[in-house]
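All remarks here apply to the structure that follows.
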Amino acid sequence: MNGEHDIGGRHGFGRIEHTPDDPTFHERWEARVFAIALSSGGSRGGVNLDAARHRGERLDPVAYFRNGYYGRWLAALELGLQENGFLAPGELDAWLMGGAGPADKATSARAPAARRGGPMPNLSFTREVDHAPAFALGQAVLTRNHQPAGHTRLPAYARSRRGVIRRIHPAMVFPDTNAHGLGENPQYVYSVEFDGAELWGDAAEQGTCLMLDLFESYLEPGPPEELP
Amino acid sequence: MSEIHEHGTPEIALRVEALESLLQEKGLLDPAAVDAVIRYFEQDIGPLKGARLVARAWLDPAFKARLLEDPAGAGGVVGVTVLEHLVVVENTPETHNVVVCSLCSCYPWSVLGLPPSWYKSPAYRARVVREPRAVLAEIGLSLPEDMRVRVWDSSSEVRYMVLPMRPAGTEHLGEDALAALVTRDSMIGVAVPRLA
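As they're listed, the protein sequences go chains V and P. First residue of the first sequence: 1, per this note's numbering; consecutive thereafter. First residue of the second sequence: 229, per this note's numbering; consecutive thereafter.
Quick look at the structure:
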């Protein structure tokens with residue numbers, strides 16, 4: 001998706017406000033919204049991290065930046081609760097304005113009281129597949145000019161670029177379909193190395209390269225004779 | 229872009245409070261579970277876990293080999309639970325590694341805790357993929373010109389942690405003292421451990 005979130009390589013963001021000792025949360029609301037999202041999620045049957053990421057990406061450009069990282073968590077949480085039928089559109093605003101009661105008291109009957117298991121979500125997206133990887137270590141590849149309207153994990157700056165396979169990860173859940181309820185479609189993930197100049201042209205810094213984890217269907221065999 | 233409030237407007241705190249009340253009233257949320265999640269991320273995990281892995285790797289070549297090959301298994305040896313598909317990348321005199329997630333803010337929570345604000349900032353995500361040397365210098369790490377810089381944009385389910393080089397002059401130090409030299413920044417790759 002060509003959204004505001006895809007900002008790798010963009011200009012105009014200024015200096016990095018680096019602080020060596022940064023607290024886990026700066027404000028209590030950040031802690032609350034993060035923990036509410038992990039505790040309820042608004043969905044049943046496990047966390048769909050891809051769908052959650054895509055909710056954050058669908059914010060309008062101003063909203064995306066307005067309240068920072070945890071502001072995006074809040075917006076994505078509200079959207080998820082709405083999409084899963086736990087929160088009616090406008091319900092939270094009505095509650096804020098006048099303390100009107102929940103529009104749908106019946107939700108409690110079908111609500112997961114709290115997520116089961118530990119405080120960390122299950123972050124295992126590795127899956128067994130019954131075929132071999134399509135690409136080999138050291139192989140030259142070309143990224144597709146892949147720009148779907150939905151969720152994807154190929155950043156814009158790395159479309160139609162030549163790289164080399166440096167590591168083959170196990171097959172993992174494919175975000176492009178999983179985010180949209182179209183199945184896990186697990187596929188191999190590759191660490192692909194790109195030379196700085198391949199990505200940034202004349203502006204590249206000397207002696208830099210970039211590694212990206214790319215799903216198999218983002219890649220095509222590359223023309224080795226054109227590689228440096 | 230410093231005019232952007234990275235920590236939100238005052239009204240957002242009220243909104244979160246209202247959402248929490250509403251979800252509680254609906255029976256969707258257990259406040260004790262929320263408190264437990266906060267406690268876990270503020271107190272139970274953090275960069276000390278990663279620092280433990282680094283210090284042991286500096287002292288024990290066999291452990292280091294295992295950490296690079298199988299981080300979850302190596303973590304088990306020193307009592308560090310690795311929950312992500314973690315990859316540990318080693319700094320050498322030839323190559324310096326730095327980690328980012330340009331599309332969101334992927335980070336190895338279980339070994340480094342939640343990421344610092346600057347890691348999640350639009351400025352870091354936008355710039356370090358394009359001009360890592362300039363960004364590192366701005367943050368305080370000037371690398372030799374002949375040292376290669378490798379940026380890991382962890383834009384999927386794979387999470388990265390940098391294994392920094394052991395500083396010279398630390399031969400007499402034990403594991404705890406070594407771990408104390410390993411900062412979160414050095415495991416992201418925007419700093420290197422230094423003898424205080």
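We put the beta carbon where it would ideally sit given N, CA and C, even for glycine.
- For V/D213, the enclosing beta strand (DSSP E) begins and ends at T208 to F215.
- For the region 204-221 of chain V, the set of residues with a beta-carbon nearer than 9 Å to any beta-carbon of chain P comprises A204, E205, Q206, G207, T208, C209, L210, M211, L212, D213, L214 and F215, in chain order.
- With its beta carbon less than 8 Å from one in chain V, P/K348 belongs to the interface.
- Excluding the 5 residues flanking it on each side, V/A197 has same chain C-beta neighbours closer than 6 Å at A204, in chain order.
- Counted as a single uninterrupted DSSP element, the alpha helix (DSSP H) harbouring V/H54 occupies residues L49 to E57.
- Listed in chain order, the alpha helix (DSSP H) elements of length 4 or more contained wholly in the region 147-208 of chain V are 175-178 and 196-200.
- For V/F125, at least one C-beta of chain P is nearer than 8 Å to its own C-beta.
- Neighbours of P/G402 across chain V, judged by C-beta separation under 9 Å, do not exist; the nearest C-beta is about 24 Å away.
- About 13 Å separates the Cβ atoms of V/S39 and P/V244, ruling out a contact at the 8 Å cut-off.
- In the DSSP annotation of this structure, the continuous segment of the beta strand (DSSP E) that includes P/Y388 starts and ends at V386 to L391.
- For V/I168, the closest C-alpha among the options V/R162, V/E78, V/F215 and V/W73 is that of V/F215.
- Those residues of the region 284-300 of chain P placed with their C-beta closer than 9 Å to a C-beta in chain V do not exist.
- Within the DSSP secondary-structure output, P/E318 pairs in a beta bridge with P/L391.
- When Cβ-Cβ separations below 8 Å define contact, V/S39 makes contact with chain P.
- Among the CB atoms of chain V, none fall inside 8 Å of the CB of P/K277.
- Per the coordinates, the alpha-carbon of P/P259 lies some 30 Å from the alpha-carbon of P/G278.
- Ranked by Cα distance from V/W200, the first of P/V339, P/V357, P/L257 and P/L242 is P/V357.
- In the three-state reduction of the DSSP assignment, P/A419 falls in the coil class, being assigned neither a helical nor a strand state.
- One thing to note: V/W95 has its Cβ no nearer than 8 Å to the Cβ of V/A37.
- The residue among P/Y388, P/L409 and P/A407 with its C-alpha nearest the C-alpha of P/A300 is P/Y388.
- Bridge pairing for P/D381: V/L212 and P/V328 [DSSP].
- Partner residues in the beta bridge of V/L142, as assigned by DSSP, are V/R162 and V/E220.
- Comparing alpha-carbon positions, the option among P/V418, P/L251, P/S333 and P/E385 lying closest to P/R378 turns out to be P/V418.
- In terms of Cβ geometry, V/R159 and V/T143 form a close pair [threshold 8 Å].
- For V/Y64, the uninterrupted alpha helix (DSSP H) run begins and ends at P61 to R66, by DSSP.
- Annotated as proximal: V/G9 and P/A354, with beta-carbon spacing under 8 Å.
- Here P/R376 carries a strand assignment [DSSP, helix/strand/coil].
- Setting aside the 5 residues that flank it on each side, P/L371 is surrounded in the same chain by H324, R361, L364 and V377, each with a C-beta closer than 7 Å to its C-beta; the list follows chain order.
- In summary, the residues of the region 161-172 of chain V whose CB is separated from some CB of chain P by less than 9 Å are R167, H169, P170 and M172, in the order they occur in the chain.
- Around V/A179, the same chain offers N48, D50, A51, R53, H54, G150 and H151 as residues with beta carbons nearer than 8 Å, after the five sequence neighbours per side are excluded.
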